[in-house]
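Asker: If you're matching them up, the sequences are chains E and Z in order.
The opening position of the first sequence corresponds to residue 38 in my numbering, with each subsequent residue numbered one higher.
The opening position of the second sequence corresponds to residue 534 in my numbering, with each subsequent residue numbered one higher.
Virtual Cβ for every residue (Gly too), placed ideally from N, Cα, C.
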Amino acid sequence: MARQGLFGSSLVKKFWMALTGLFLISFLVVHAAINAQIFWNDGGVTFNKWAHFMGTNVLIRTAEIVLFLGLIAHIVDGLMLWSQNRTARPVKYAAEKGSANRTWYSASMGILGTLLLLFLIMHLWHFWVPSRITGLDEIAGMPGHHDLYIEMVRVFESPVPVVLYVLGCISLYWHLLHGFASAFQSLGINHKRYNPIIKMTGAAFSAVISLLFISMPLAIHFKLLS
Amino acid sequence: MKLTLKVWRQAGPKAQGKIVDYPVSDVSEDMSFLEMLDVLNDDLVRKGDEPIAFDHDCREGICGTCSLFINGEAHGPGRGITTCQLHMRKFKDGDTIYVEPWRAKGFPVIKDLVTNRSSFDRIQAAGGFVSVNTSGNLVDGNAVPIPKQDADKAMDAAACIGCGACVATCPNGSAMLFVAAKVSQFSLLPQGRPEAKRRALAMVEQMDKEGFGNCSNTGACEIECPKEISLEHIARLNREYLVATVTKE
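In structure tokens:
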């Protein structure tokens with residue numbers, strides 16, 4: 038094993054950042070796909086079926102623990118990198134023209150991540166806590182089956198959570214726009230032929246995922262679903 | 534041209550520094566930025582003031598000695614140039630120009646605009662070399678076949694002059710582009726392979742010890758680098774380091 042080991046060096050911290058980031062991205066795909074089931078416009082029947090599966094399947098529940106560990110690792114690692122980066126420049130520039138050489142969002146991953154974390158706490162409080170801990174209304178005639186769809190309708194009735202969810206998804210968009218492609222670079226994947234593909238996939242993925250998530254509270258709030 | 538310079542003045546490493554305003558007149562647009570500073574210093578000396586200390590040497594863009602963070606950019610506006618190659622025609626009459634030293638924990642200020650960049654020397658000494666047996670068994674360099682593409686890329690990396698613009702411009706004060714260039718120039722060539730693992734590990738370890746920040750792939754270094762070293766080399770360092778970390782005995 039190398040002298041600095043699997044946790045010590047700046048590069049290894051970035052490998053973990055990239056790996057946990059890509060893992061969280063894979064979760065977003067599943068999450069968005071299942072939530073999009075509300076668009077069958079069947080009063081949440083299909084969505085609730087999937088929600089029941091996700092809440093009761095042993096493999097999924099195990100994966101849920103790994104997901105939380107991955108999220109915590111991403112946050113802790115990010116905070117360590119952020120605090121080291123702050124100390125690396127003790128005296129700031131009087132004039133700094135960042136716009137000349139970098140995008141604002143690539144240099145704001147910490148702030149965007151913090152906004153996402155705040156959003157996530159609210160989001161877990163709205164849905165994960167009642168569905169896993171405090172309990173939800175059951176679907177009529179189906180004991181043991183939570184009606185998560187009705188909970189969505191209830192939460193998004195008021196405009197305040199809708200606005201906060203839209204803002205959260207916008208932060209997600211910018212975080213992913215840099216994070217997706219950046220993860221590949223951190224893992225050493227950089228090739229003239231594939232770089233444009235990675236960049237385009239990242240941009241498309243960030244836009245599709247964020248718009249999909251934004252469309253849900255909006256569709257429910259404006260009663261576009263039956 | 535008449536200009537107002539806002540220059541960082543600091544008497545010594547431990548002294549409190551501040552930005553001081555200097556009006557400069559009779560600036561020709563054909564002067565380099567360093568020549569403009571020479572004119573200002575000439576005036577200061579004539580008035581009996583302390584001239585502004587700044588690093589410079591070859592004044593033809595190949596030594597990496599000149600630095601300066603000019604109007605918020607390393608080596609000022611313009612791409613692929615050092616400060617000695619920056620001409621005053623890039624500025625307009627009446628402009629206000631901020632002139633600051635490189636800002637990084639790894640580059641402490643010695644005086645005014647001069648920083649101590651010996652942290653780069655220590656990183657280089659940690660592994661930025663190939664050990665050659667000079668006991669009379671030397672192999673002719675040209676006897677080892679090297680694909681042209683690899684040779685070109687190694688040469689691109691070797692173009693790094695170690696000026697520190699990458700660190701100065703990085704929002705995290707990271708030295709990754711410098712270290713990546715120094716690792717890449719050897720790792721692409723067969724002569725560099727025997728020590729590749731040890732080199733990547735030792736140079737990154739030294740880089741971390743010197744207090745440089747972590748790369749977050751903003752790409753700012755690549756844009757401000759006077760030798761236009763590519764981020765591709767950072768990815769190569771990431772690969773080299775990952776393999777070395779996992780496989781080193």
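Candidates Z:Asp-628, Z:Asp-626, Z:Phe-719, Z:Arg-650: which alpha carbon is nearest Arg-636 (chain Z)'s?
Answerer: Ranking Z:Asp-628, Z:Asp-626, Z:Phe-719, Z:Arg-650 by Cα distance to Arg-636 (chain Z) puts Z:Arg-650 first.
Asker: I want to see whether chain Z comes within less than 8 Å of Asn-78 (chain E), judged by CB atoms only; does it?
Answerer: Chain Z, which has no Cβ nearer than 8 Å to the Cβ of Asn-78 (chain E), makes this no.
Asker: Can you give, in chain order, each stretch of the alpha helix (DSSP H) that sits fully within the region 177-260 of chain E and has at least 4 residues?
Answerer: Here the runs fully enclosed are 185-192, 196-223, 232-258.
Asker: Please confirm if Met-38 (chain E) has its CB atom under 8 Å from at least one CB of chain Z.
Answerer: Confidence is the limiting factor: at Met-38 (chain E) the pLDDT is only 36, short of 50, which leaves the residue's position unreliable, though a coordinate-based value still follows. Yes, Met-38 (chain E) lies at the interface with chain Z (some Cβ there is under 8 Å from its Cβ).
Asker: Consider the Cβ of Phe-711 (chain Z): report whether some Cβ of chain E lies at a distance smaller than 8 Å.
Answerer: No, no contact with chain E.
Asker: Would you say Tyr-18 (chain E) faces chain Z, with C-beta separation under 8 Å as the test?
Answerer: No statement about residue 18 (chain E) is possible, as the shown extent of chain E runs from 38 to 263 and does not include it.
Asker: So what's Ala-637 (chain Z) in DSSP terms, helix, strand or just coil?
Answerer: Ala-637 (chain Z) falls in the strand class under three-state DSSP.
Asker: Are the C-beta atoms of Arg-655 (chain Z) and some chain E residue less than 8 Å apart?
Answerer: With 8 Å as the cut-off, Arg-655 (chain Z) does not count as an interface residue toward chain E.
Asker: Could you give the DSSP three-state label for Ser-720 (chain Z): helix, strand or coil?
Answerer: Residue state, collapsed to three classes: helix.
Asker: How about Cys-748 (chain Z): is its C-beta nearer than 8 Å to some C-beta of chain E?
Answerer: Chain E, which has a Cβ nearer than 8 Å to the Cβ of Cys-748 (chain Z), makes this yes.
Asker: Can you give me the C-alpha to C-alpha distance between Leu-106 (chain E) and Thr-615 (chain Z), rounded to a whole angstrom?
Answerer: Taking the straight line joining both Cα atoms gives about 46 Å.
Asker: Note the first and the last residue of the continuous beta strand (DSSP E) segment covering Thr-615 (chain Z).
Answerer: Counting along the chain, Thr-615 (chain Z) falls outside any beta strand (DSSP E), and DSSP gives it neither H nor E.
Asker: Looking at C-beta atoms only, is the number of pairs between the region 672-688 of chain Z and the region 735-755 of chain Z that lie closer than 8 Å three or more?
Answerer: Output reads no: the region 735-755 of chain Z does not touch the region 672-688 of chain Z.
Asker: What would DSSP say about Lys-547 (chain Z), mapped onto helix, strand or coil?
Answerer: Here Lys-547 (chain Z) sits in coil by DSSP.
Asker: Checking 8 Å against the spacing of the C-beta atoms, do Leu-567 (chain Z) and Arg-592 (chain Z) come in under that value?
Answerer: Yes, Cβ-Cβ distance for Leu-567 (chain Z) and Arg-592 (chain Z) is below 8 Å.
Asker: Report the rounded CA-to-CA distance for Leu-161 (chain E) versus Ile-97 (chain E), giving the unit in angstroms.
Answerer: Answer to the nearest angstrom: the Cα atoms are 17 Å apart.
Asker: Do you know how far the Cα of Phe-156 (chain E) is from the Cα of Gly-150 (chain E)?
Answerer: Looking at the two C-alpha atoms, the distance is approximately 10 Å.
Asker: Residues of chain E with CB under 7 Å from Ile-552 (chain Z), in chain order?
Answerer: Here the neighbours are Ala-131.
Asker: Is it right to say Phe-662 (chain Z) is buried, meaning 16 or more other beta carbons lie within 10 angstroms of its own, or is it exposed?
Answerer: Result: exposed.
Asker: Can you say whether Ser-136 (chain E) is buried or exposed, counting buried as having 16 or more other CB atoms within 10 angstroms of its CB?
Answerer: Result: exposed.
Asker: Count the C-beta pairs between the region 126-143 of chain E and the region 46-58 of chain E that are closer than 8 Å, then say yes if the count reaches three, no if not.
Answerer: As far as the Cβ criterion goes, the region 126-143 of chain E does not touch the region 46-58 of chain E, which means the pair count is below three.
Asker: What's the gap between the Cα of Glu-773 (chain Z) and the Cα of Ser-668 (chain Z)?
Answerer: Distance between the alpha carbons of Glu-773 (chain Z) and Ser-668 (chain Z): 30 Å.
Asker: May I have a chain-ordered list of the alpha helix (DSSP H) segments no shorter than 4 residues that lie completely inside the region 550-581 of chain Z?
Answerer: Complete alpha helix (DSSP H) runs here, min 4: 566-579.
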